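**Student:** Below are the structure tokens for one structure; questions will follow.
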Amino acid sequence: MTELEIWVEKQKIHELCARYTLTLDRHDIEGWADCFTEEAVFGFGDVALRGRDKIAAYGQVHKELGSRHLNTSLLFEIDSSGQRATGQSTTVVTFTTRQGYKLAFLGRYDDEVLKVDGRWLFSRRWVVADPLPEDPEFDLLGADPELAPLAQRLLDAYQRLGDLA
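Numbering (UniProt numbering), first residue to last: 1 to 165.
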């Protein structure tokens, strides 16, 4: 691939990442699930959702929450075939509450994407939470009493729909 071709493909992957956040935050769960391959794995911690159907079912929980996802620092490398890429990005998630907008999550996505019928799709997307530096085992998702029930709904959906990784 030429440098220009690589740049164009990376731009398409960045657009996939944008489509992921925009569809999820606009509650277009079908559009969000379409960002994944049929056999994709979407994980957090030690639990993995396997397949687009389970990923879509998990996305339905977001329709009940006022969340917003922000992705930045996207860095992807495309392999020599031009059909597979790996990368990472930083993610910030906020929840809308009666007390205003609250920061709910900071972390990153570890991604594997495949080109399927000319479209880049996530084949594996793993969410990695930033830990508390002085106490990595501390439950940051449950630390804010107002946000804990919202975060718990997402964690419960992961447990209900997922498998141990």
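C-beta: ideal position from N, C-alpha, C; glycine also.
Model, not experiment: these values are computed from the prediction.
On the DSSP letters alone, give me the boundaries of the alpha helix (DSSP H) that T23 sits inside.
**Tutor:** Counting along the chain, the alpha helix (DSSP H) containing T23 begins and ends at E3 to D25.
**Student:** Ignoring anything shorter than 4 residues or poking outside the stretch 20–92, list the alpha helix (DSSP H) runs there in chain order.
**Tutor:** Counting whole runs of 4 or more residues, the stretch 20–92 contains the alpha helix (DSSP H) stretches 29–33 and 52–62.
**Student:** Based on DSSP bridge pairs, tell me the residues matched to G100.
**Tutor:** G100 pairs with T97.
**Student:** Whole-angstrom Cβ separation of T37 and V116, contact assumed at under 8 Å?
**Tutor:** With 8 Å as the limit, T37 and V116 qualify as a contact, their Cβ atoms being about 6 Å apart.
**Student:** Cβ atoms of S67 and T94: under 8 Å apart, would you say?
**Tutor:** Yes. Within cutoff.
**Student:** Helix, strand or coil: how does DSSP classify L141 here?
**Tutor:** Three-state result, L141: coil.
**Student:** In the DSSP output, what is Y109 paired with across the bridge?
**Tutor:** Beta-bridge pairing links Y109 to S89 and V127.
**Student:** The alpha helix (DSSP H) that contains P149, what's its start and end?
**Tutor:** First-last of the alpha helix (DSSP H) with P149: A148 to L161.
**Student:** Within this structure, are the beta carbons of T91 and L70 separated by less than 8 Å?
**Tutor:** The answer is yes: Cβ separation under 8 Å.
**Student:** Just to confirm my understanding: we take E39, look at its own chain, exclude 5 residues before and 5 after, and list those with CB closer than 7 Å. What are they?
**Tutor:** So the qualifying residues of the chain are G51.
**Student:** When the distance is taken between beta carbons, is F122 closer than 8 Å to D110?
**Tutor:** No, they are not a contact pair.
**Student:** Return the CA-CA distance between L161 and L65, expressed in angstroms with no decimal places.
**Tutor:** So the two alpha carbons sit approximately 18 Å from each other.
**Student:** Can you tell me whether G45 sits near the ligand NAD, meaning its C-beta is under 7 Å from at least one heavy atom of the ligand?
**Tutor:** Because no ligand of any kind appears in the structure shown, any question about the ligand NAD cannot be addressed here.
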